[in-house]
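Working notes for the structure below.
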Amino acid sequence: MGKAIAQYFKRIFDDYQVLVMVNPSDYTGTELILHPDGKVEKTEMTFDEEIFEDLAEDEFKPCSPLEFQLLLAKS
Numbered sequence: 010m011g012k013a014i015a016q017y018f019k020r021i022f023d024d025y026q027v028l029v030m031v032n033p034s035d036y037t038g039t040e041l042i043l044h045p046d047g048k049v050e051k052t053e054m055t056f057d058e059e060i061f062e063d064l065a066e067d068e069f070k071p072c073s074p075l076e077f078q079l080l081l082a083k084s
């Protein structure tokens with residue numbers, strides 16, 4: 010079996026953004042919070058099998074891996 014490709018999601022709130030990277034093979038990933046002052050907060054996460062349903066319910070939309078990686082480089 011080949012290596013799983015990470016999936017990326019984003020939600021824009023009133024004054025901050027949250028981007029999430031999920032590795033679908035083991036449900037690990039990274040959450041980035043972009044604050045209004047430009048600060049990027051990074052959290053390593055472990056999700057459950059329902060993460061994709063949870064993200065959809067919370068109105069996260071797919072986003073570009075490039076956008077995620079650029080923010081990750083700032084963290």
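To convert a position in the sequence shown, counted from 1, into our numbering, add 9. We put the CB at the ideal spot given by N, CA and C, even for glycine. Note that this is a predicted model, so its numbers are computed, not measured.
Check whether residue i and residue j have beta carbons under 9 Å apart
| i | j | result |
| --- | --- | --- |
| L43 | L28 | yes |
| T1 | T37 | Lying before the first or after the last residue shown, residue 1 is absent from the chain, which here runs from 10 to 84. |
| Q26 | F61 | no |
Collapsed DSSP secondary structure at residue i in the structure displayed
| i | result |
| --- | --- |
| K83 | helix |
| E66 | helix |
| I14 | coil |
| E76 | helix |
In DSSP terms, what residue i is bridged to
| i | result |
| --- | --- |
| K48 | Paired residue(s): none; K48 is not in a bridge. |
| E71 | Correcting the residue identity first, residue 71 is Pro in this sequence and not Glu. The partner list for P71 (beta bridge, DSSP) reads F18. |
Whole-Å CB distance - residue i paired with residue j, under 8 Å assumed
| i | j | result |
| --- | --- | --- |
| S73 | V49 | That pair is no contact at about 16 Å. |
| K70 | F18 | 7 Å |
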